[in-house]
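Under the UniProt record's numbering, the letters of the sequence shown match residues 1 to 184, in that order.
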Amino acid sequence: MTRARLRRAATNVFARNGYHATKVSDIVAAAGVTQPTFYIYCESKEAAYEALVAAFRDNLRQITLTNLIDPAIPQAELETRVAQSFHRFLDFMAQDRALTEIGFFQPPGCSQTKALMVDWVAANIAQEQAGGVFRADIPAAHIARMLVGLLDQMGRMNTDAAGRGELARHCARLFCGGVGMRTG
């Protein structure tokens, strides 16, 4: 219970103040605990921050792995499947806006998170290219950077589930129009 309160408070305070401006005293005040209690659960402010960002990255990696597209998918269903992938990413980012803020948008952790995500997505894209899902004349890393850039912008939009579905469909249409298999 106390650990969960500290985690929630740290997430909210880091998101509101940023990493550098956040003090342990801010976190404990938000959690309603003492500083000695904080140090029972966290070695330092840095450790609390790193644990939050690591949890965000672990979940983001799992979603990325889930989004690998089976090469047996019919070409006519590709855009729908890509939209589902974007929707999963956008739903994850909306699930905990404060955690997404510190894990994906704010320094110091955002650059590494996005670099890792590019690597994870590029690994998926390379497999999908090898399976004939996506065109192979564009390097997988470039396609991954484009996808992460789309999510960087679309993930900032505060929309409900229906709005995220619409954004996902737009992203998929744009994505597939640029990286979908060539016809003819």
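Here a beta-carbon is modelled for each residue, glycine too, at the ideal position from N, C-alpha and C. These numbers come from a predicted model, not from an experiment.
Could you tell me the boundaries of the alpha helix (DSSP H) in which residue i lies?
i	result
proline 36	35–41
histidine 142	140–154
threonine 64	45–66
threonine 22	Premise fails: threonine 22 is in no alpha helix (DSSP H) and is neither H nor E.
glutamine 127	110–130
threonine 100	97–100
threonine 159	Segment: none, threonine 159 is in no alpha helix (DSSP H) and carries neither H nor E.
alanine 4	2–17
Could you confirm whether any beta carbon from chain D is found closer than 8 angstroms to the beta carbon of residue i?
i	result
glutamine 129	Annotation note: the requested chain D is absent from the structure, which comprises a single protein chain.
Take residue i and list the residues in its own chain whose beta-carbon comes closer than 6 angstroms to its own, dropping the five residues that flank it on each side.
i	result
glutamate 101	Ala15
leucine 6	Ala31, Tyr41
valine 148	Lys114, Met117, Val118
So, under 8 angstroms CB-CB, residue i and residue j are touching, yes? Tell me the CB distance rounded to an integer number of Å.
i	j	result
methionine 154	leucine 167	5 angstroms
valine 53	threonine 113	7 angstroms
valine 33	threonine 2	6 angstroms
arginine 81	isoleucine 63	Rounded, the Cβ-Cβ distance is 14 angstroms, inconsistent with contact.
arginine 164	aspartate 58	In fact, because the Cβ distance is near 22 angstroms, the residues do not count as touching under 8 angstroms.
glutamate 50	arginine 173	So it is not a contact: roughly 37 angstroms between Cβ atoms.
Going by other Cβ atoms of all chains shown within 10 Å of its Cβ, with 16 needed for buried, is residue i buried or exposed?
i	result
glutamate 46	exposed
methionine 157	exposed
glutamate 77	exposed
serine 44	exposed
serine 111	exposed
tyrosine 39	exposed
glycine 109	buried
Does any heavy atom of the ligand FAD sit closer than 7 angstroms to the C-beta of residue i?
i	result
aspartate 70	Here there are no bound small molecules, and the ligand FAD is not part of this structure.
Spatial neighbours of residue i within its chain, please: CB distance less than 7 angstroms, with the 5 preceding and 5 following residues excluded, ordered by chain position.
i	result
glycine 177	none
asparagine 67	Ser85, Arg88, Asn124
alanine 122	Ala140, Ala141, Ala144
glycine 18	Gln106
Go through its chain and collect everything with a Cβ distance to residue i's Cβ below 8 angstroms, but skip five positions before and after it.
i	result
alanine 21	none
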